[in-house]
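Novice: Take 333 as the starting number for the sequence shown in this note's numbering and just add one per residue.
For each residue, glycine too, the CB sits at the ideal point set by N, CA and C.
Let me begin by handing over the structure; questions about it come next.
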Amino acid sequence: MHFFALSLATLIIIALAAYAISLHLKLHKRQKEIQKTEQDVAKQITEKQLSARKDIGFLALAYINEQVELAEVSLRISKLAQYLELDEQQQTHYQVFNEVASTIANIPTHKQWKQLSKKDKAAHQRTFKQLEELHTDNAKISAQQIVDLKQRQ
């Protein structure tokens, strides 16, 4: 009887050890999956940031060369800049674009713009003109700083 109890205890210990090893292996596999996912996400974020920087540089250069208006470039740069991790110094380069974008954020675009009355379109165009007059100098300086910064990177 003593032998039977000892054998049963040994079997229980072996079974528990096997179960513990099984759980350990599952945990190790899961940790590797999590680590790979984190690396993939970090890579995607880095790629998105690089793409955003490239696009912002292109937009800033287009604005400097008067190929795009302040309102449009502000909306686009402001949105793309959200993907970047900017320090305080770098944020100052985007401030004017963020200000203009927030001012015109509620103005309809695309299909909704086409549906506006001539009176409403004229009112919004006056807003665009006022923003151009108010912010063009600072926007050109900021755009040039963005282009210069991009070229140094």
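By Cβ distance below 7 Å, which residues in the same chain neighbour G389 in space, the five residues on each side in sequence not counted?
Specialist: Only I478, V479 and K482 meet the Cβ criterion.
Novice: Assuming the contact rule is C-beta atoms closer than 8 Å, A392 and L463 should be a hit. Round their C-beta distance to whole Å, please.
Specialist: Going by Cβ atoms, the distance from A392 to L463 rounds to 17 Å, so no, they are not a contact pair.
Novice: By the DSSP assignment, the alpha helix (DSSP H) with D452 in it spans what residues?
Specialist: Counting along the chain, the alpha helix (DSSP H) containing D452 begins and ends at K450 to R484.
Novice: List the endpoints of the continuous alpha helix (DSSP H) containing T378.
Specialist: T378 -> alpha helix (DSSP H) spans H334 to I396.
Novice: Within the same chain, show all residues whose beta-carbon is closer than 7 Å to that of D387, passing over the 5 residues directly before and after it, in chain order.
Specialist: Excluding sequence neighbours, D387 sits near L412.
Novice: Ends of the alpha helix (DSSP H) at E404?
Specialist: That run of the alpha helix (DSSP H) goes L402 to A413.
Novice: In three-state terms, what does DSSP make of T435?
Specialist: Helix.
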